[in-house]
Each structure stands twice: as C-alpha cells, then as structure tokens.
Amino acid sequence: MANVGLQFQASAGDADPQSRPLLVLGQLHHLHRVPWSYVRGKLQPRVTEELWQAALSTLNPNPTDSCPLYLNCATVAALPSRVSRHNSPSAAHFVTRLVRTCLPPGTQRCILMVCERSDAFASACALARAFPLFTHRSGAARRTEKKTVTVEFFLVGQDNGPVEVSTLQCLANATEGVRLAARIVDTPCNEMNTDTFLEEIKKVGKDLGITPMVIRDEQLKARGFGGIYGVGKAAVHPPALAVLSHTPEGATQTIAWVGKGIVYDTGGLSIKGKTTMPGMKRDCGGAAAILGAFRAAIKQGFKDNLHAVFCLAENSVGPNATRPDDIHLLYSGKTVEINNTDAEGRLVLADGVSYASKDLGADIILDMATLTGAQGIATGKYHAAVLTNSAEWEAACVKAGRRCGDLVHPLVYCPELHFSEFTSAVADMKNSVADRDNSPSSCAGLFIASHIGFDWPGVWVHLDIAAPVHAGERATGFGVALLLALFGRASEDPLLNLVSPLGCEVGAQEGDVERDSKRRRLV
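Note that full-length UniProt numbering has the sequence shown beginning at 1, numbered continuously upward.
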C-alpha cells in the first residue's frame, strides 16, 4: 500500500464498482440512514436496491461485521454500534481494521464513510493508518502504477450538511501528517538516522517557509545539553537538537511540543536482549508525531506561537558510550548519575523541556515520547498515558483522545511520593528508579518534569506513547491526531475547533481543576 494516494472529496462521483471497487463503512444505524438514491450511482448496475437492503438486514456487528455486495468489488461493513466510555465514539481502531480487511483491491477505489460530523476527523485519521507509506518489498518496487483511494463522507445526525472544502483540506493535511509520522517510524535506522531525520525536519520547514534551528554534536556539549549529547555521543551519526518555530503576529501565548527522537535504542552499555531490541527503530515515535502534527497545524492556521523541539540521538554502543556511574550535567543545571543507560529518553527530553522553558519562554510544554515499556502495562496497547501538573489538561487529553481516536488515559501524578525513587548520593538524581514496581511510567515522566521544576507555573503535559505507536509490526502515526485535536482551539480551522475539548466551559464541567491563572489559559 506504499504507493497509495489518499484523496478526500465532497463527492467521489458515480462509477461501476467493477471498474472502481467500493467500501461503504459506518455504524449500522447510520448505514440505514443512507438513502438508496445516494449510493445507487456507486453500485449500479451490479447491485440492486433489494440487494442493498438485504445486505443491511444481514449485518450483525459483534463488534463488527461485513457483507459483500458484488463479488470482491463492493462491500458494506458495520462498525460497533456502541463503545465503552474509554473508547472513541468513532470506533477509530475498528475503522482501520475494516479498511484493511474489507476494502476491495484495485488501482482506483472508493470508500464511502458514513458518520456524524463530530467523528469525521477521527475516522479520516483512522483511514490513513490503513495505508502505510514505507515498504522495501521487492515486488512493490517493480509495480509502477499509482493507486488511488478516494474517500467521500456521508454525514448523518444534526449537523449533516455537505462537507466543506476547508474541511476536506483539514482532513488531507491531518492524514498526511499521520502517514508522515508512520513512515518515519517504520523506516529502519540504517536509513532513518539523525542526519536523515534532520532532512525530514528541513523538508517540512521548507514547505512551511521556516528555517530550523539546529545544534549538533560538540556544540551540544559546549552549550550544556549534557542529556542529548551523553546519549548520542557514541553513534556514527551525531546527536542534535532541532527546533521549528512558528511565531505569528497577534499570538497570545507560547506553546512548545518536545519530541523524543531516538532513531535507534540498543540500550547503550545497559544493552537490550535479542528479543527486546528488535522494533527499537520506533523509539523516535514522539518526534515523528510532533513533526507530522506541526506541519498540519501550521497549514491549518495556528494562531499562537508554536515551537516543535526535536531531541535526536542514537543510543549506541562504542568506546565513547556513556557508562553506568557517569554523571552528566543537563541543560537545566542539574546533575544526573547514570544507573541505566537504557533509560535514555528522559535524558534527552529533560534537555528539551529545559530549553523550551528557559530559551523559548513557553507557557505550555508538552513532551511526547515512546518512553517506557511499562506504559503498555499501565494503560495498554491502545491508550497513551498522560502525566501532567494540571487536572484540567489531564481531562482535556482524555477528551481529545476520544474525539480524535488517539486514546489517552491518566497516570498517577504525585511527585512528593514518587520522585524519591531517583535519589543519588553523589548527584542531584539518578536517571532510573530504585523500585521498578512503583509506578515506573509515572516516575519516568516526573524525571522530565523535575528539570523545569515541580513548582513551574505553566502547564506541563507528558504523553507516553510507547505501545500505541505501533500495531503489530506497523507504525500507526499515533499522536498526530491527538496534538491537532488537543490544540484545536488555537487553530483557525472549524473542524479542529470542533474536536478540541479545550474552552472556557471545560473547567466547570471537570470539577477538580487547577485555579492558577496561567494553567487555566486555554488555546
């Protein structure tokens, strides 16, 4: 599917399904609201109205179901009719699965997505995950024909008018961001090293008219970025801190997204085993998601200052590798005793959030990372873990996840009980916990927060996406939709405004929220 182009159109037009295969997808009660007159031109002469109605009557989703309408050229598929409170109403994960299994083959194909307007964003991003861009299969290289999947939305419910051109453009930019992030994560380190990742950042910058700021190699050491430098100094391709900055006129606040970009994680001298090292090309998932989201956010008109901070390194083994017992001075001015070189992501992010606070003057700092294997145990394969100093933003992350399909669930935020896990006799802290059974994902996030200070007056949000960054052996592009939805109020785009949970009403609805004025400022 690497050569598949994804197009969003207000109307895909009529076509014989034998020449343009069709998948009609939606919740069953929504599918019943699609009039035959609307789908007739996409199904005739192969499918009659009687056959269409008969197919709908046979569907019994548990949790999903599908029915072929004509050979393998036309299919109707039903999503779960109901989902639990911790799932997305769009049933986004099932959208991806059904597209992968039910979309008929062909070079020109069509998906008719039937949903409510509030679920269109999540559904589009879920569709995009079914069409990864990266492959090195030899057969794919020999196939030169370009495949196209055209997506048309049929909106039901209260706001069921036609899909506007601006909405289609938003969906296109968001899905391009999802597929960009997934491509970077899927690409192995012999290609996606720190040099290559910087080129990806420069491409996005050129597309947006932004020149990235880059600090590399010995410059990192000279300027005090001991975390990023210490992690990446043993690799052939040197570590880097890169920043893309969007500073529009009239901005009222400054937001920084900080991404962990470990292009490969061997574990360093605390080396991983042969079963746990494969897949560590995905350790740049946070930085990849921030790059895809930044591109889409700026294209959709972001009204506030937005900085994308990329902490890039390869955690390698060599004569210059950091050793356990080494002590590094980080950009925050704090010293860290290394007791586990495989706890490297928090070191590079500590430098990144410190830079965002000290040099960029951020009011809101969000870091995103494939930080801990324990995240998958704490919140599972589908839900990212959120840790934040703001109850309001914790609730907003959960709501944004449900609205966009990138699901989120909170971790315990309690530094007064947990941060003592990092106690060191010779430095300000160690980099790994003493007790791995004491909420390790929370502790890992608290390590990052300690480098801006637990009394920092701004909003700090940490998102651990270690498990949902991939499904099986494929990257998901997780995080792009979440960032766009969470910060949708800072966008000029109506659809992103719609899916964003942030607004003046959130605090009253969520009850126990922070009252500090700076933490209450919403995008």
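Quick reminder that beta carbons are idealized off the backbone N, C-alpha and C, glycines included.
Endpoints, the alpha helix (DSSP H) within which residue i is located
i              : result
asparagine 305 : Counting along the chain, asparagine 305 falls outside any alpha helix (DSSP H), though it belongs to the beta strand (DSSP E) covering 305-315.
alanine 378    : 374-378
aspartate 351  : 345-358
glutamine 53   : 49-58
leucine 291    : 285-299
isoleucine 184 : 165-186
valine 480     : 480-486
leucine 498    : 494-499
glycine 41     : 36-43
leucine 133    : First-last for leucine 133: undefined, no H or E at that position.
Outcome for residue i when other beta-carbon atoms lying within 10 angstroms are tallied against a minimum of 16
i                 : result
alanine 508       : Legend: pLDDT at alanine 508 = 31, less than 50; position of this residue unreliable, value from coordinates given subsequently. Burial call: exposed.
glutamate 314     : buried
asparagine 305    : buried
leucine 54        : Sequence inspection shows alanine at residue 54; the leucine mentioned does not correspond to that position. That one is exposed.
glutamine 18      : exposed
asparagine 160    : exposed
phenylalanine 454 : exposed
cysteine 189      : buried
residue 524       : Nothing can be reported for residue 524: it is not among the residues displayed for the chain, which extend from 1 to 523.
alanine 10        : exposed
leucine 176       : For clarity, residue 176 is glutamate in the given sequence; the question names leucine instead. By the 10 Å Cβ count, glutamate 176 comes out buried.
glycine 157       : exposed
methionine 277    : exposed
8 Å contact criterion, which residue i and residue j should meet: CB distance rounded
i             : j                 : result
aspartate 406 : phenylalanine 478 : 6 Å
proline 468   : arginine 403      : With 8 Å as the limit, proline 468 and arginine 403 do not qualify as a contact, their Cβ atoms being about 16 Å apart.
threonine 194 : leucine 312       : 5 Å
glycine 401   : leucine 496       : About 15 Å separates the two Cβ atoms, so there is no contact after all.
proline 212   : isoleucine 228    : Actually they are not in contact, since the Cβ atoms of proline 212 and isoleucine 228 sit about 15 Å apart, beyond 8 Å.
valine 459    : tryptophan 393    : 6 Å
alanine 102   : alanine 77        : Contrary to the premise, residue 102 reads as cysteine rather than alanine in this sequence. Right, their Cβ atoms sit about 5 Å apart.
alanine 350   : isoleucine 448    : 6 Å
leucine 168   : alanine 296       : Contact flag wrong, Cβ pair sits at about 14 Å.
leucine 98    : threonine 150     : Not quite, the Cβ-Cβ distance comes to about 17 Å (not below 8 Å), so this is no contact.
Residues of its chain near residue i, where Cβ-Cβ distance is below 7 Å and the 5 sequence neighbours each way are ignored
i             : result
valine 34     : Val114, Phe154
cysteine 443  : His418, Glu421, Val433
arginine 282  : Val185, Thr370, Val469, His470, Ala475
lysine 381    : Ala467, Pro468
threonine 372 : Pro440, Ser441, Ala444, Asp464, Ala466
arginine 223  : Ile215
alanine 374   : Pro440, Ser441
glycine 376   : Ala466, Ala467
lysine 518    : Note that lysine 518 scores a pLDDT of 46, beneath 50, so its modelled location is shaky and nothing firm can be said.
6 Å CB neighbourhood of residue i in its chain, flanking five on each side removed
i             : result
alanine 15    : none
serine 123    : Ser90, Val95, Met113, Cys115
serine 357    : Ile452
valine 231    : Ala313, Asn315, Glu344, Leu347, Val348
leucine 366   : Trp257, Val461
alanine 308   : Leu244, Trp257, Ile290, Phe294
arginine 117  : Leu155, Asp159
glycine 13    : none
aspartate 265 : Met280, Asp283, Asn315
leucine 171   : Phe8, Ala124
alanine 126   : Ala92, Val95, Thr96, Gly405
Residue i - containing beta strand (DSSP E), residue span
i                 : result
glycine 26        : 22-27
threonine 254     : 254-265
phenylalanine 154 : 147-156
valine 95         : Per DSSP, valine 95 belongs to no beta strand (DSSP E); it is in the alpha helix (DSSP H), 92-102.
aspartate 367     : 364-369
tyrosine 70       : 65-70
isoleucine 111    : 108-116
glutamate 337     : 335-337
leucine 79        : 74-79
leucine 8         : Rather than leucine, the amino acid found at residue 8 in this sequence is phenylalanine. Its beta strand (DSSP E) spans residues 4-8.
histidine 383     : Counting along the chain, histidine 383 falls outside any beta strand (DSSP E), and DSSP gives it neither H nor E.
Contacts around residue i, its chain only, beta-carbon distance under 8 Å, and the 5 residues preceding and following it disregarded
i          : result
valine 426 : Ile327, Glu337
valine 47  : Pro17, Leu69, Tyr70, Ala74
Any C-beta of chain B under 9 Å from that of residue i
i             : result
glutamate 218 : Considering every chain present, this structure includes no chain B. It has just one protein chain.
Any non-hydrogen atom of the ligand GTP closer than 8 Å to residue i Cβ
i            : result
cysteine 404 : Although the ligand GTP was asked about, the structure shown includes no ligands whatsoever.
Complete runs of the alpha helix (DSSP H) confined to the region 405-476 [at least 4 residues]: Counting only runs of 4 or more, we get 415-418, 440-449.
Whole runs of the alpha helix (DSSP H) within the region 204-255, excluding any shorter than 4 residues: If we require 4 residues or more, the alpha helix (DSSP H) runs fully inside the region 204-255 come out as 218-222, 226-232.
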